[in-house]
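Its first residue numbered 3, the sequence shown is counted upward by one per residue in this note's numbering. Quick reminder that beta carbons are idealized off the backbone N, C-alpha and C, glycines included.
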Amino acid sequence: MIIKCLECGNTFKIEKVPNDNLVTCPVCETDYSVQIEDGKAKVTDFVYENEDFGEL
Ligand SMILES: [Zn+2]
Numbered sequence: 003m004i005i006k007c008l009e010c011g012n013t014f015k016i017e018k019v020p021n022d023n024l025v026t027c028p029v030c031e032t033d034y035s036v037q038i039e040d041g042k043a044k045v046t047d048f049v050y051e052n053e054d055f056g057e058l
């Protein structure tokens, strides 16, 4: 399936969605979380949840 990078507009192909749903754009190295919706790959920005800014 084809993934379109939201950051740089590059398109790249993945054979299948990895177990952790994590893909990386080969051009700008932005990480994305992939979900399959209606047979199409949908990407959202991957959020690193271990960065906790809750105590400001
Ligand atoms: Zn990119």
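Residue i: CB within 7 Å of a non-hydrogen atom of ligand 1
{"i": "Thr13", "result": "no"}
{"i": "Val45", "result": "no"}
{"i": "Val29", "result": "yes"}
{"i": "Glu9", "result": "yes"}
Own chain partners of residue i with C-beta closer than 6 Å, once the 5 adjacent residues on each side are dropped
{"i": "Val36", "result": "Val19, Asn23, Val25, Ala43, Val45"}
Contact set for residue i: own chain, Cβ-Cβ below 8 Å, skip 5 residues either direction
{"i": "Tyr34", "result": "Ile5, Cys7, Leu8, Leu24, Val25, Thr26, Cys27, Val45, Thr46, Asp47, Phe48"}
Q. Where in the region 3-50 do unbroken runs of the beta strand (DSSP E), each at least 3 residues long, occur, reported from the N-terminal end onward?
A. Qualifying beta strand (DSSP E) stretches, in chain order: 4-6, 13-15, 24-26, 33-39, 42-47.
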